[in-house]
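Residue numbers (our numbering): 160 to 409. One structure below.
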């Protein structure tokens with residue numbers, strides 16, 4: 160009988176294996192579509208082999224990761240302190256709420272023309288778009304985390320003589336950490352979407368640029384490799400943030 164722990168680890172692999180099997184049958188056995196429309200798993204594996212050994216996949220992946228990290232770090236530096244401040248001060252929260260509500264729903268890719276105009280094509284414009292995609296989710300989650308601090312804890316600390324700074328740094332901010340990490344998790348997903356979009360329009364490298372170039376060259380195998388790598392990066396970030404949450408709140 161299969162160990163329960165092993166079963167839980169293997170179960171998530173079943174569905175992807177079934178997808179690959181059906182994909183192989185459709186593209187290699189029955190050939191429902193031409194290869195330039197839908198590549199087979201063998202074509203994708205061949206493209207991945209070529210991209211790995213010529214260094215193109217590594218170079219573009221590193222370029223994308225650099226943009227993602229820079230965008231997230233910049234968004235965190237801006238959004239977390241402002242979010243804590245706005246969550247702590249009802250007056251300033253009300254003062255800024257309309258502007259945040261207007262700008263937050265705007266898709267980050269809508270800023271790409273301005274990014275190109277202001278920063279040109281390259282790293283800066285991509286990071287600017289990623290920053291805009293991450294900053295508002297992280298800001299909203301941070302504000303919400305501060306506001307959700309249990310009032311009983313705040314009142315207890317104040318009763319024991321804690322001043323406002325002590326309450327903010329020792330009770331409110333630690334209480335908001337879980338929400339901030341959740342905001343980062345959401346921000347990473349948006350960052351990857353923004354990165355790929357900006358790389359297709361305002362960059363000369365990265366996975367998005369690689370996918371667009373492969374599309375122009377009718378190379379769907381390379382396109383699928385790029386898409387899969389983006390998905391793997393997303394999973395890796397999710398695992399890191401989950402481990403971080405577990406280590407903090409264990």
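Just so you know, even glycine gets a beta-carbon here, dropped at the ideal spot from N, CA and C.
Approximately 6 Å separates the beta-carbon atoms of residue 281 and residue 362; this is inside 8 Å, confirming the contact. Inclusion of residue 234 and residue 348 in the CB contact set at 8 Å is not warranted, their separation being larger than that value.
Sequence-distant Cβ neighbours of residue 200 in its own chain, meaning closer than 7 Å and more than five residues away, are 179, 182 and 183.
Shown here for residue 306: same chain residues with a beta carbon closer than 6 Å to its own, the five before and five after excluded, namely 246 in chain order. Assignment of residue 230 by DSSP, reduced to helix, strand and coil, places it in the helix class. Contact annotation: residue 390 and residue 350 have beta-carbon atoms that are not nearer than 8 Å.
Residue 300 is classed as buried because its beta carbon has at least 16 other beta carbons within 10 Å across all chains shown. Contact annotation, residue 354 with residue 223: C-beta distance approximately 6 Å; criterion of less than 8 Å satisfied.
The beta carbon of residue 275 sits closer than 8 Å to those of 284, 360 and 361, all from its chain and outside the five residues before and after it, given in chain order.
Residue burial annotation: residue 240 is exposed, with fewer than 16 other C-beta atoms found within 10 angstroms of its C-beta.
Here residue 326 is buried: its Cβ has 16 or more other Cβ atoms, across all protein chains shown, within 10 Å. Spanning the alpha carbons of residue 376 and residue 401 requires a straight line of approximately 39 Å.
By a beta-carbon distance limit of 8 Å, residue 267 does not contact residue 342. Their separation comes to about 15 Å.
Residue 243 has its alpha-carbon roughly 37 Å from the corresponding atom of residue 385. Under the three-state reduction of DSSP, residue 367 is assigned to helix. Between the C-alpha atoms of residue 302 and residue 192 there is a straight-line separation of about 50 Å.
Residue range 310–318 is occupied by the alpha helix (DSSP H) that includes residue 316. For the set 381, 395, 407 and 387, the Cα lying nearest the Cα of residue 210 is the one of 381.
For residue 212 against residue 379, the beta-carbon gap comes to about 20 Å, at or over 8 Å, which does not count as contact.
In the three-state DSSP reduction, residue 384 falls in the helix class (H, G or I). With at least 16 other beta carbons inside 10 angstroms of its own, residue 288 counts as buried. Pairing residue 310 with residue 405, the inter-Cα distance amounts to about 25 Å.
Counting only residues of its own chain and dropping the five nearest sequence neighbours on each side, residue 383 has a CB closer than 7 Å to the CB of 198 and 203.
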